[in-house]
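So the protein sequences, as listed, match chains E and F. So for the first sequence, numbering that gives the first Met the number 0 puts the first residue at 0; every next one is plus one. So for the second sequence, numbering that gives the first Met the number 0 puts the first residue at 0; every next one is plus one. See below for the structure under consideration.
There are 2 protein chains.
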Amino acid sequence: MTIQPLRCVLLSLTLIFSGQAIAEIQTQVINYKDGDNQLQGYFSWDDSIEGKRPGVLVVHEWWGLNDYARKRTRMLAELGYVAFAVDMYGKDQVTKHPEQASAWMSKITENVDNWQQRANLGLQKLKAHKLVDTDKTAAIGYCFGGATVLQLAYSGADVDGVVSFHGSLPAATEAQYSNINAKILAAHGNADPFTPAEQVTAFSNSLEAAGADWQLLSFGGVKHSFTNEGSASYGLDALVYDADADRRSWQAMQNFFAEIFSD
Amino acid sequence: MTIQPLRCVLLSLTLIFSGQAIAEIQTQVINYKDGDNQLQGYFSWDDSIEGKRPGVLVVHEWWGLNDYARKRTRMLAELGYVAFAVDMYGKDQVTKHPEQASAWMSKITENVDNWQQRANLGLQKLKAHKLVDTDKTAAIGYCFGGATVLQLAYSGADVDGVVSFHGSLPAATEAQYSNINAKILAAHGNADPFTPAEQVTAFSNSLEAAGADWQLLSFGGVKHSFTNEGSASYGLDALVYDADADRRSWQAMQNFFAEIFSD
Chain E
0 MTIQPLRCVL
10 LSLTLIFSGQ
20 AIAEIQTQVI
30 NYKDGDNQLQ
40 GYFSWDDSIE
50 GKRPGVLVVH
60 EWWGLNDYAR
70 KRTRMLAELG
80 YVAFAVDMYG
90 KDQVTKHPEQ
100 ASAWMSKITE
110 NVDNWQQRAN
120 LGLQKLKAHK
130 LVDTDKTAAI
140 GYCFGGATVL
150 QLAYSGADVD
160 GVVSFHGSLP
170 AATEAQYSNI
180 NAKILAAHGN
190 ADPFTPAEQV
200 TAFSNSLEAA
210 GADWQLLSFG
220 GVKHSFTNEG
230 SASYGLDALV
240 YDADADRRSW
250 QAMQNFFAEI
260 FSD
Chain F
0 MTIQPLRCVL
10 LSLTLIFSGQ
20 AIAEIQTQVI
30 NYKDGDNQLQ
40 GYFSWDDSIE
50 GKRPGVLVVH
60 EWWGLNDYAR
70 KRTRMLAELG
80 YVAFAVDMYG
90 KDQVTKHPEQ
100 ASAWMSKITE
110 NVDNWQQRAN
120 LGLQKLKAHK
130 LVDTDKTAAI
140 GYCFGGATVL
150 QLAYSGADVD
160 GVVSFHGSLP
170 AATEAQYSNI
180 NAKILAAHGN
190 ADPFTPAEQV
200 TAFSNSLEAA
210 GADWQLLSFG
220 GVKHSFTNEG
230 SASYGLDALV
240 YDADADRRSW
250 QAMQNFFAEI
260 FSD
């Protein structure tokens with residue numbers, strides 16, 4: 000009679016905590032190629048979760064695939080997804096200098112087909128991961144990466160949704176309208192000097208004309224790169240971390256994922 | 000030995016469900032006055048919850064305090080809040096005719112001081128409810144009610160936040176800038192003919208100039224009154240229910256409340 004209550008408590012605790020094993024975040028660097036270009040991506044997932052799960056592509060800022068992109072990839076793993084940081088520039092092409100970043104960014108964005116192809120290559124790598132449920136995928140991106148996930152949607156890629164964080168919000172072209180199947184969420188700083196109001200209007204008007212499922216979440220007084228705690232280290236007035244907008248946009252992304260992965 | 004396991008299971012179930020008593024949604028109609036104007040508001044709360052909790056003011060559409068506003072009030076009670084639907088027009092002033100709605104709306108909005116005062120009177124009634132934690136209050140509103148909760152914020156009312164659903168998004172005047180303490184979330188249909196892009200820009204610019212904490216969530220392809228399942232019954236092309244935007248904006252409101260009521 001004195002042992003039973005203890006067993007009972009243990010059973011109760013087991014019932015309550017059985018679904019909450021301690022996370023075991025794994026990471027893996029992979030090398031792959033786009034034609035002659037050597038690329039190096041970065042996977043993360045939680046080994047304490049069993050079975051297949053949705054996959055999320057992560058596209059880096061114009062600085063290249065740096066620690067910030069890797070951090071977001073691990074944060075997605077902590078949320079229960081398999082995440083893959085695609086390399087849009089090339090192995091070790093990471094900088095803190097705007098001129099270099101701009102040059103690398105221009106090199107890949109000047110040809111939209113190549114730009115979309117390299118993003119789609121990352122999506123293929125993600126879907127090839129043995130733990131990814133290939134029917135449930137999304138892509139998120141920051142700054143240049145935000146524009147990239149929009150191009151992924153405009154290319155007709157088979158993803159359920161894309162999320163742009165302080166992206167440059169390229170408008171879709173008329174030829175792309177019928178390609179867009181993915182749902183779109185754009186988190187935008189209303190005071191972002193890199194993405195002025197006219198650009199937001201052109202973006203919105205194009206998606207309206209396309210009949211896309213799109214949402215724009217604008218944050219008042221918020222500048223570029225608001226999700227990156229290291230923004231100040233780049234010495235540009237346009238880049239300002241904003242804790243509220245960071246937390247709110249990450250929450251909005253989670254709600255968006257809950258919706259698009261619910262089927 | 001055969002009885003103990005059963006007791007054990009019962010204890011486990013008690014542990015798991017003890018915080019989840021069945022909701023007992025209560026409602027109460029109250030009569031009150033603004034000067035000589037007889038008003039009739041509507042409270043709702045959940046009696047299965049003990050103690051004080053945040054309070055949420057609900058402001059009706061231009062049709063008056065109708066079943067739709069009462070439904071949202073009960074939905075807030077189901078979320079655990081005390082909710083109060085303020086009467087902005089007068090007892091029994093409810094219509095389905097746009098001309099009548101427009102006349103009643105103009106009567107209260109033509110004098111901003113009176114408009115704000117009547118909304119603030121509702122806030123006082125909410126705060127006077129014995130179950131409201133007066134340090135945690137918010138206001139939500141639909142259509143005309145969205146504009147009203149913004150005016151409440153512009154009046155300097157002591158609320159933590161306001162949420163406008165398909166509101167007309169009045170800009171704050173310069174004289175109001177320094178009053179604004181409440182956080183602001185506006186859920187907007189990008190294809191709402193009642194609130195065109197120029198109005199959204201004027202609204203955004205004023206809040207930016209005021210340095211307010213504001214967010215705008217725009218839904219692509221979505222028209223006016225997107226949260227109201229009965230929109231089609233009014234026979235106006237501008238009013239279209241949108242299940243996605245309804246669900247997403249209600250979720251955004253809940254996240255907003257979680258933030259502003261977290262302290």
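Glycine is no exception: its CB is placed at the ideal position from the N, C-alpha and C atoms.
Looking at chain E, is there any beta carbon in it that lies within less than 7 angstroms of the beta carbon of residue i?
{"i": "F:G166", "result": "no"}
{"i": "F:G121", "result": "no"}
{"i": "F:Q150", "result": "no"}
{"i": "F:S113", "result": "This sequence places Asn at residue 113 of chain F; Ser is not what is there. False, the Cβ-Cβ gap to chain E never drops below 7 angstroms."}
{"i": "F:L216", "result": "yes"}
{"i": "F:D241", "result": "no"}
{"i": "F:S261", "result": "no"}
{"i": "F:Q39", "result": "no"}
{"i": "F:Q250", "result": "yes"}
Going by CA-CA distance only, name the one from the options that's closest to residue i.
{"i": "F:H223", "options": "F:L216, F:G188, F:F202", "result": "F:G188"}
{"i": "E:Q123", "options": "E:S248, E:D212, E:A137", "result": "E:A137"}
{"i": "E:Q115", "options": "E:G155, E:D66, E:V221, E:H128", "result": "E:G155"}
{"i": "F:G89", "options": "F:W62, F:L238, F:D243, F:K129", "result": "F:W62"}
{"i": "E:E240", "options": "E:E258, E:G220, E:S167", "result": "The amino acid occupying residue 240 of chain E in the given sequence is Tyr; Glu does not appear at that position. Ranking the options by Cα distance to E:Y240, first place goes to E:G220."}
{"i": "F:N227", "options": "F:S217, F:A244, F:L215, F:L216", "result": "F:A244"}
{"i": "F:A82", "options": "F:S105, F:G121, F:D91", "result": "F:G121"}
{"i": "F:R247", "options": "E:D236, E:L215, E:S105", "result": "E:L215"}
{"i": "F:Y141", "options": "F:F193, F:A174, F:K106", "result": "F:F193"}
{"i": "E:I107", "options": "E:L78, E:D132, E:T147", "result": "E:T147"}
{"i": "E:D86", "options": "E:V131, E:Q39, E:W44, E:K129", "result": "E:Q39"}
Establish whether the CB of residue i and some CB of chain F are separated by less than 7 angstroms.
{"i": "E:W213", "result": "yes"}
{"i": "E:N254", "result": "yes"}
{"i": "E:Q175", "result": "no"}
Keeping to the same chain, check which residues put their C-beta closer than 7 angstroms to that of residue i; ignore five residues upstream and five downstream.
{"i": "F:R69", "result": "Y41, A84"}
{"i": "E:Y233", "result": "K95"}
{"i": "E:D46", "result": "E23, Q25"}
{"i": "E:D66", "result": "none"}
{"i": "F:S230", "result": "S224, L238, V239, Y240"}
{"i": "F:Y153", "result": "A171, Q175, N178, I179"}
Could you pull out every residue in the same chain whose Cβ sits closer than 6 angstroms to the Cβ of residue i, ignoring the five residues on either side in sequence?
{"i": "F:W213", "result": "I183, L206"}
{"i": "F:Y176", "result": "A209"}
{"i": "F:H59", "result": "A68, G144"}
{"i": "E:Q27", "result": "F42"}
Name the chain E residues whose beta carbon is nearer than 7 angstroms to that of residue i?
{"i": "F:E98", "result": "Neighbours of F:E98 on chain E: none; closest Cβ ~30 angstroms, over 7 angstroms."}
Taking residue i as the query, report the chain F residues whose CB atoms sit under 8 angstroms from its CB, ordered along the chain.
{"i": "E:E268", "result": "Absent from the model: residue 268 of chain E. The displayed extent of chain E is 0 to 262, so no value can be given."}
{"i": "E:S203", "result": "N189, S217, G219"}
Looking only at its chain, what residues have a beta carbon closer than 8 angstroms to the beta carbon of residue i, apart from the 5 residues adjacent to it on each side?
{"i": "E:Q150", "result": "V111, W114, Q115, A118, P169"}
{"i": "E:V55", "result": "L75, Y80, V81, A82, F83, L125, T136, A137, A138, I139, F256"}
List the residues of chain E that residue i touches, going by C-beta distances under 8 angstroms, in chain order.
{"i": "F:T200", "result": "A196"}
{"i": "F:G210", "result": "G220"}
What does residue i reach in chain E if we use C-beta pairs closer than 9 angstroms?
{"i": "F:R73", "result": "Per Cβ cutoff of 9 angstroms: no residues; F:R73 is ~23 angstroms from chain E at best."}
For a contact defined as C-beta to C-beta under 9 angstroms, what are the partners of residue i on chain F?
{"i": "E:R247", "result": "Q214, N254, F255, E258"}
**Message:** Counting only Cβ-Cβ distances shorter than 8 angstroms, please list the residues of the stretch 185-197 of chain E near chain B, keeping chain order.
**Reply:** The structure shown contains no chain B; its protein chains are E and F.
**Message:** Under 8 angstroms: do the stretch 27-42 of chain F and the stretch 252-259 of chain E share three or more Cβ pairs, one atom per stretch?
**Reply:** Fewer than three Cβ pairs drawn from the stretch 27-42 of chain F and the stretch 252-259 of chain E lie within less than 8 angstroms of each other, which leaves the two stretches out of contact.
**Asked** Does the stretch 42-57 of chain F touch the stretch 91-102 of chain F, meaning 3 or more C-beta pairs lie closer than 8 angstroms?
**Response** Contact fails between the stretch 91-102 of chain F and the stretch 42-57 of chain F, because fewer than three Cβ pairs, one in each stretch, are under 8 angstroms apart.
**Request:** Examine the Cβ distances between the stretch 69-82 of chain F and the stretch 98-110 of chain F and report whether three or more of them are shorter than 8 angstroms.
**Result:** no
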